[in-house]
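Colleague:
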Amino acid sequence: MDPERETLYTRSMSFQFMFDRMLQSDSAFDGRFITGVLTTGIYCLPSCRARKPRAENVRFFDSEEDARSAGLRPCKKCRPDAWYAGHDPQWGRLREAWRMVQDRPGDFAGIDALAEVVGVGLSRLHGLTWQAWQQTPAEVLLQARLRWAARLLADRLPMIDVAFQCGFGSLSAFNSRFRQGFGMTPTEYRKLDAVATFTMGLPPRYDRSAVLRYLGRDADSLTERVIDGTYRMGLWIGDRPVEVVATLGAAAMEVTSAAPELHREVLGHVRRRLGLGVDPSRFEKAAAPLAATHPGLRVPLMSNAFETMVWIVLGQQVNVRYASTVRRRWVEAYGEPCGDGLFAPPRAERMAGLTVDDVARLGTTGRKAEVILGIARGFVEGQLPGEEGEPIPLLERRLLAWPGLGPWSVQYYLMRGLGVPDACPVGDAALHAAVQAWFGLEARPGAAEVTSCMARFAPWRSLATFHLWRWHEENKR
4 MDPERETLYT
14 RSMSFQFMFD
24 RMLQSDSAFD
34 GRFITGVLTT
44 GIYCLPSCRA
54 RKPRAENVRF
64 FDSEEDARSA
74 GLRPCKKCRP
84 DAWYAGHDPQ
94 WGRLREAWRM
104 VQDRPGDFAG
114 IDALAEVVGV
124 GLSRLHGLTW
134 QAWQQTPAEV
144 LLQARLRWAA
154 RLLADRLPMI
164 DVAFQCGFGS
174 LSAFNSRFRQ
184 GFGMTPTEYR
194 KLDAVATFTM
204 GLPPRYDRSA
214 VLRYLGRDAD
224 SLTERVIDGT
234 YRMGLWIGDR
244 PVEVVATLGA
254 AAMEVTSAAP
264 ELHREVLGHV
274 RRRLGLGVDP
284 SRFEKAAAPL
294 AATHPGLRVP
304 LMSNAFETMV
314 WIVLGQQVNV
324 RYASTVRRRW
334 VEAYGEPCGD
344 GLFAPPRAER
354 MAGLTVDDVA
364 RLGTTGRKAE
374 VILGIARGFV
384 EGQLPGEEGE
394 PIPLLERRLL
404 AWPGLGPWSV
414 QYYLMRGLGV
424 PDACPVGDAA
434 LHAAVQAWFG
444 LEARPGAAEV
454 TSCMARFAPW
464 RSLATFHLWR
474 WHEENKR
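First residue of the sequence shown? That's 4 in our numbering, and the numbers climb one at a time after it.
#1: Distance, Cα to Cα, residue 474 vs residue 420?
#2: Runs of 3 residues minimum, wholly inside the region 137-221: which ones carry the beta strand (DSSP E) assignment?
#3: For the beta strand (DSSP E) that residue 257 lies in, which residues bound it at each end?
#4: Identify which residue in 354, 318, 179 has its Cα closest to the Cα of residue 408.
#5: In or out: residue 246 buried (at least 16 other Cβ within 10 Å) or exposed?
#6: So, using beta-carbon positions, are residue 323 and residue 365 closer together than 8 Å?
#7: Could you name the residues of the same chain whose beta carbon sits closer than 8 Å to that of residue 326, not counting the 5 residues immediately before and after it, in chain order?
#8: Which stretch, first to last residue, makes up the alpha helix (DSSP H) that contains residue 450?
#9: Can you give me the C-alpha to C-alpha distance between residue 48 and residue 33, rounded to a whole angstrom?
#10: Any idea if residue 264 is buried or exposed, counting beta-carbon neighbours within 10 angstroms, 16 or more meaning buried?
#11: Could you compute how far the alpha carbon of residue 118 sits from the alpha carbon of residue 137?
#12: Can you tell me where the alpha helix (DSSP H) holding residue 328 begins and where it ends?
#13: For my contact list, residue 204 and residue 186 are in at a C-beta cut-off of 8 Å; report their separation, rounded to the angstrom.
#14: Are the region 248-258 and the region 203-222 in contact at 8 Å, needing three or more beta carbon pairs?
#15: Can the beta-carbon of residue 555 be found closer than 8 Å to that of residue 369?
#16: Output yes if chain D places a C-beta closer than 8 Å to the C-beta of residue 461; else output no.
#17: Would residue 149 pass as a contact of residue 102 if the rule is Cβ separation under 8 Å?
#18: Between the beta-carbon of residue 238 and the beta-carbon of residue 306, is there less than 8 Å?
#19: Check the DSSP bridge columns for residue 236 and list the partner residues they point to.
#20: Considering only their Cβ atoms, is the gap separating residue 463 from residue 286 smaller than 8 Å?
#21: Quick one: what does DSSP say residue 295 is sitting in, helix, strand or coil?
#22: Over what stretch of residues does the beta strand (DSSP E) that includes residue 88 continue unbroken?
#23: Between which two residues does the alpha helix (DSSP H) carrying residue 35 extend?
#24: Nearest-angstrom Cα distance between residue 59 and residue 39?
#25: Can you find the residues in the same chain that come closer than 6 Å, C-beta to C-beta, to residue 125, ignoring five residues on each side of it along the sequence?
#26: Under the three-state reduction of DSSP, which class applies to residue 359: helix, strand or coil?
#27: Can you list, in chain order, the residues of its chain whose CB lies under 8 Å from that of residue 170, leaving out five sequence neighbours each side?
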């Protein structure tokens, strides 16, 4: 971990890099800098599709306020003022369409129907859904159908009714998609709450050894433990602390817990922890040399949003070993025992009532203790982590404004807390060292150079980060 001091993006990216992103109308950099066009007196988002200005007529700004202070006005084509205010009417229609899809996925025969609700063409819909959630419209619709199907299966509806109510064209298509999404058939899923142990399939070429090595890197962890291909974890399933045991084989794994009635929720947690939510095949085709070092590698996620944010704060500007030590103290003091020496991690509700001294005495600074308590209270009051389905750019902007969270923290949260495919924790010491080694750079790169090097892996920079970490760890010995 050990991130460098976090700086504003425009102070860590070169003029040429930002100019190149502007020429490409790269929406991934909306919110990270503003393009000012001095000859026309306007400022734009990097994604603006208006005619591109000459380099000598461009100035880049950290914020909308800085651009306005320089006497510039917002572009009427890309509407940066509305974007920064979160009032873009297309965002509003997209979020409403997302809610409709979650509630009634069977009403949408295909992405044409989704485009009609949003009020845009198919090309624009693809751009909006990728910018909002780093998913294609088809992926948004499929995930909503699978989530709704899981709910209907728990209600014991006939299988054919489930398939058609969720918008699948046939029972065979439903069975195939469900197996791909959950690692089991709909019939097996329906029986989960009646068995102490269930089996879940693993994707082809899943690199279980690499994922387990990463999850077991802290041999003394109190919330998770890896021994000979078996992964034990302490989780909160609803309001109950539960020990879950997953034994991974070549093509499938067996999962056991003492709470069969909660196995549908357990399944979701296990898939999350093992990084099964994002298919790496497109990354592996696009980044063959790097991906070939560990084909099938996934990004394992942390158990919940609050735990992720606390781990981020504990890891700021210290090495992984010390952060892990403080985290063990935190878990032992405020976690909940769930069997075999494991704990479910502390919850925001318990942490919110503590004092700065309570947290600082675990081995962290007073400032970090204040940030952790502020985050805990943000969760309790509903300010964090945010509304489900919130577009990623709006979430990034809100998190960057939260005390104690900077660009590295937000990108790491997107990567390991939400499973966003294209997050990049620039400022991470291990990532900088790995970029230097992989690209054969003579000196340790700064934030601008790392950002430039990692841009070639877009839109799969989360996977690229994990591949670089793993490759460098193996080759620096």
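Beta carbons: idealized from backbone N, C-alpha and C, even for Gly.
Modeller: A quick look at the data gives this:
#1: Approximately 22 Å, taken between the alpha carbons.
#2: As summarised for the region 137-221, the continuous beta strand (DSSP E) elements at least 3 residues long and confined to that stretch are 200-204, given in chain order.
#3: 255-260 is the extent of the beta strand (DSSP E) around residue 257.
#4: Distance check between residue 408 and each of 354, 318, 179 places 318 closest, using alpha-carbon atoms only.
#5: Label assigned to residue 246: buried.
#6: Their beta carbons are not under 8 Å apart, which means residue 323 does not touch residue 365 by this criterion.
#7: Excluding its 5 nearest sequence neighbours in each direction, residue 326 has C-beta neighbours in its own chain below 8 Å: 4, 314, 317, 318, listed in chain order.
#8: For residue 450, the enclosing alpha helix (DSSP H) begins and ends at 450-457.
#9: Taken atom to atom, the span from the alpha-carbon of residue 48 to that of residue 33 is near 6 Å.
#10: Residue 264 is classed as exposed because its beta carbon has fewer than 16 other beta carbons within 10 Å across all chains shown.
#11: Between residue 118 and residue 137, the alpha-carbon positions lie close to 17 Å from each other.
#12: For residue 328, the enclosing alpha helix (DSSP H) stretches over residues 323-337.
#13: Separation of the CB atoms of residue 204 and residue 186 is rounded to 4 Å, and the pair is thereby assigned contact status at 8 Å.
#14: Because the criterion of three Cβ pairs below 8 Å is met, the region 248-258 and the region 203-222 touch.
#15: The requested residue 555 is not part of the displayed model; the chain covers only 4 to 480.
#16: You won't find chain D in this structure, because it holds only one protein chain.
#17: Not a contact, by the Cβ cut-off of 8 Å.
#18: Yes, these two residues count as a Cβ contact at 8 Å.
#19: Paired residues: 227, 247.
#20: Going by beta carbons, residue 286 and residue 463 fall inside the 8 Å limit.
#21: For residue 295, the three-state secondary structure derived from DSSP is coil.
#22: Run containing residue 88: none in the beta strand (DSSP E); it sits in the alpha helix (DSSP H), 83-88.
#23: Taken as a continuous stretch (DSSP letters only), residue 35 belongs to no alpha helix (DSSP H), as it is neither H nor E.
#24: Looking at the two C-alpha atoms, the distance is approximately 11 Å.
#25: Once the five neighbours on either side are set aside, the close Cβ partners of residue 125 are 118.
#26: The answer is helix: DSSP assigns residue 359 an H, G or I state.
#27: 108, 109, 110, 111, 112, 144, 148.
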